[in-house]
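Input: a single structure, listed below in structure tokens.
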Amino acid sequence: MNQVEVKRRQIQSFSYVLACINIWVFGKSIGDNGLGYLAAAVLVFALFWVLTGKNLPDRMGRMLRGRNARGQYRNVSRMRKNMMLFQIAEGLLGTVLCMSLGWILLEKVFLVPYGSMILWILSPALFLRCIQSVFLGYFQSEGSEMPSAVSSVLRQVFFLGLGLVFLGIFRNYGEKVSLLLKRTDFTSMYGAMGIAVGMLLSEVLVLLFVFVIYRGSMAGRREAESGMKGTDSFSSQLRTLLIPMGGDILRDMFLLLPLWIGLLFFQKRSADIYASVSAYGIFVGRYLITILMPAAILSAGILTGVARTGSHIRKKEERYARTAFQAGVQGTVVHGFFFTAWIAVLATPLSQALDKSAEMALTGLFTTGSSLILWLLLLFYFSEILELRGEKHLLLAGYGILDIVSIVILLILLNTGNTTTALSLSLVLGTAAGGIVLGILACLRMKTWPDLLRTLAIPAGSCCACGLLAFGLEKICLPHLGAMVTVLLELVITGAVYWFLLLMLRSFRGQDLNYVPGGKVLRAFGKTLRLL
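Heads up: the sequence shown runs through residues 7 to 538, numbered per the numbering used here.
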């Protein structure tokens, strides 16, 4: 993983944060039941997207890059054209299947009413994204990662603007339908349809953007040069591309399986599927989005340390690789501990700031499920390390354990009551099991284990102290400053105290900060306070 790829993935991580913000903004207008309809439709769409073009840019970029290096420029041109034809056909087929089979999954299997119209609007975006993936794969084969990064940000910008416009138009029409049929669900459903239109048009604009960049980059294309040293038949090109993609697709399916199974059993065990859609909207659109925002930001910071560790692994610098790995684990745990404690302690004001109407349900979700941040970060870090070592098959073991544990816990908890807490706890415990398994495998492969005192004991004690401080500040600030100001103020205060305690207690050594997210800022902070 070179620095350009790291920058691209970091920018994409921040685009995920923008997506979470967009969902939060839209949720203010369409409500919890609208978020539930939209989330269910997107989950079905994600199934077909994973099976078609999600993993194509990386795989195509690597395939073409190797042939560019061997001077097979005309062969690369032929392969690029073949991949475009294949993706057009695959995108059309995927769109047709998504429209014809997706509504069966959505309304007959997942038992989500009123969701098929949203999915039908979203389905053509599958075709557009399949074409985009070919262009992005070409850019990555040329060593240019910026089009992928910029397009991911532009997608969210377009989505916000167009989504708000069509949300307003469709929601007004939905209000009239709701008054006519005397069902309030139609207002939210039509609002979600407007958001789906915004998503579809965003994909059109992103496709135009990457096409314009592609045309500009082809002005001096190299395939016109002599030097065709080899050819690949169309069938061999597909084998070369699709066989490695099979493992990527399987891993993505394993990661999404708990969400699909969760929605399935949550709806089947519900006495009122309309009310449960609203509860599912709270779970996805409020709780899960809030958890994913800091996780996405921190994963972007983790990538820098992962790339440096990978550099040591490639150079066979085992001692430096072990040091970098230990520091990376420590940094991941430290950040995960803080946000877990912060969200759990401030569950009440955070719930009030997000959705006062669902305060009780959200408070319970944040209190019991805040540790999902920690386990997601550990799962991400260990997955990246194992992938850099070329041991991708081990990821399937960890993800398989994640699926099994989460499904078993979900079924056990749903027998005690159909609550969103069952969904959150099943994800937390499943991700924890998968993260621990991958952590053990990564430690065995790296032949080292984290320092328990500096990695667990000191951060845990510091978190407890900051949790007590946050609890006291909440009682003082919440009645006077309001929920949102209280949450942001305590984030700053408790964060400063937390890192002060870690540096004062010598949780980090000097070189550790080179592999920790935000290490430069922490080093400056420590030197200012004369703690380093």
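Note that beta-carbon positions come from the ideal geometry of N, C-alpha and C, so glycine has one too.
The model shown is predicted, which means the values in this text are computed figures rather than measured ones.
How would you write the range of the alpha helix (DSSP H) that residue i sits in, first residue to last?
i	result
isoleucine 303	295-320
alanine 364	Run containing alanine 364: none; DSSP gives neither H nor E here.
phenylalanine 32	9-57
proline 63	62-75
glycine 253	240-274
tyrosine 79	79-109
asparagine 178	152-187
leucine 474	464-487
proline 130	130-147
aspartate 191	191-223
lysine 575	Outside the displayed span of the chain (7 to 538) sits residue 575, for which this structure offers no information.
valine 283	279-288
threonine 329	324-351
serine 430	426-452
aspartate 518	That residue, aspartate 518, is in no alpha helix (DSSP H); it is neither H nor E in DSSP.
aspartate 457	Looking at the DSSP string, aspartate 457 is not in any alpha helix (DSSP H), and its letter there is neither H nor E.
tryptophan 404	Checking the displayed sequence, the identity of residue 404 turns out to be glycine instead of tryptophan. It spans 399-420 - the alpha helix (DSSP H) in which glycine 404 sits, taken as one unbroken run.
glutamate 393	378-394
Kindly indicate which residue of the options has the alpha-carbon position closest to the one of residue i.
i	options	result
alanine 359	Leu519, Tyr293 and Lys182	Tyr293
valine 411	Thr193, Ala438, Ser147 and Leu270	Ala438
lysine 533	Gln517, Leu509 and Ser513	Leu509
alanine 301	Glu148, Phe345 and Lys322	Phe345
valine 82	Phe372, Phe145 and Ala306	Phe145
arginine 320	Ser129, Leu511 and Ile391	Ile391
leucine 5	Gly121, Val140, Ile308 and Glu323	Because the chain is modelled from 7 through 538, residue 5 falls outside the range shown and cannot be assessed.
leucine 207	Gly440, Leu128, Ile279 and Thr193	Leu128
lysine 114	Ser376, Arg76, Val50 and Gly307	Val50
glycine 488	Ile279, Lys526, Lys362 and Ile219	Lys362
leucine 168	Ile418, Tyr387, Phe32 and Ile442	Phe32
serine 376	Leu408, Leu419, Leu435 and Ser389	Leu435
serine 147	Ile279, Gln78, Cys469 and Pro130	Gln78
isoleucine 201	Pro465, Ala466, Tyr43 and Thr500	Tyr43
tryptophan 30	Ile17, Phe165 and Ala131	Phe165
glycine 143	Met89, Ser19, Pro465 and Gln243	Met89
threonine 299	Ser468, Leu368, Ile379 and Ile249	Here residue 299 turns out to be methionine, not threonine, going by the sequence shown. The candidate whose alpha carbon is nearest that of methionine 299 is Ile379.
asparagine 421	Met66, Ala25 and Lys274	Lys274
methionine 205	Gly72, Gly222, Ser158 and Leu401	Ser158
alanine 502	Pro485, Leu475, Cys483 and Met490	Leu475
proline 485	Ala75, Leu401, Met69 and Thr354	Thr354
methionine 69	Arg245, Phe531 and Ile255	Arg245
tryptophan 381	Leu535, Phe477, Met251 and His341	His341
leucine 161	Val212, Ser242 and Arg328	Rather than leucine, the amino acid found at residue 161 in this sequence is arginine. Closest option to arginine 161, Cα to Cα, is Val212.
glycine 467	Leu511, Ser239 and Leu495	Leu511
isoleucine 413	Ala277, Lys481, Gly268 and Ile442	Gly268
alanine 367	Glu393, Thr310 and Thr425	Thr425
threonine 540	Val491, Leu187 and Leu479	Because the chain here runs from 7 to 538, residue 540 falls outside it and cannot be looked at.
Report the CB separation of residue i from residue j in whole angstroms; it is logged as a contact under 8 Å.
i	j	result
leucine 356	valine 498	Not really, about 15 Å apart at Cβ, beyond 8 Å.
leucine 416	phenylalanine 506	40 Å between Cβ atoms; not a contact.
threonine 454	leucine 383	Their Cβ separation, rounded to whole angstroms, is 19 Å, which puts threonine 454 and leucine 383 out of contact at 8 Å.
leucine 125	alanine 47	4 Å
tyrosine 387	isoleucine 308	6 Å
isoleucine 288	proline 119	Contact flag wrong, Cβ pair sits at about 17 Å.
serine 513	alanine 306	Contact flag wrong, Cβ pair sits at about 22 Å.
phenylalanine 176	serine 184	In fact, because the Cβ distance is near 12 Å, the residues do not count as touching under 8 Å.
glycine 440	isoleucine 418	With 8 Å as the limit, glycine 440 and isoleucine 418 do not qualify as a contact, their Cβ atoms being about 18 Å apart.
glycine 180	leucine 132	Going by Cβ atoms, the distance from glycine 180 to leucine 132 rounds to 25 Å, so no, they are not a contact pair.
isoleucine 255	leucine 57	6 Å
methionine 85	glutamine 336	Contact doesn't hold; Cβ gap of about 44 Å is too wide.
leucine 447	serine 389	Not a contact, Cβ separation roughly 10 Å.
arginine 529	leucine 401	Incorrect: roughly 33 Å between the Cβ atoms, too far for contact.
The segment 127-138 contacting the segment 166-182, beta-carbon criterion three pairs below 8 Å: Not touching, per the Cβ criterion.
At least 3 beta-carbon pairs within less than 8 Å: the segment 277-297 vs the segment 34-51: Contact between the segment 277-297 and the segment 34-51 is present, because at least three Cβ pairs lie under 8 Å.
Three or more C-beta pairs below 8 Å linking the segment 303-316 and the segment 518-525: With a cut-off of 8 Å, the segment 518-525 and the segment 303-316 count as touching, because enough Cβ pairs lie within range.
contact_flag[the segment 88-107, the segment 261-279] where n(CB pairs < 8 Å) is 3 or more: Verdict: no, contact absent.
The segment 46-63 / the segment 324-334 touching (three or more Cβ pairs under 8 Å): Contact between the segment 46-63 and the segment 324-334 is absent, because fewer than three Cβ pairs lie under 8 Å.
Validate contact between the segment 9-22 and the segment 147-158 using beta carbons, cut 8 Å, 3 pairs: The segment 9-22 vs the segment 147-158: in contact.
The segment 441-451 in contact with the segment 390-407 per 3-pair CB rule at 8 Å: The segment 441-451 vs the segment 390-407: in contact.
Sufficient close CB pairs (3 or more, under 8 Å) joining the segment 456-467 to the segment 427-443: Touching, no, given that fewer than three Cβ pairs across the two stretches are closer than 8 Å.
The segment 371-385 contacting the segment 346-354, beta-carbon criterion three pairs below 8 Å: Taking 8 Å as the limit for Cβ pairs, the verdict is that the segment 346-354 does touch the segment 371-385.
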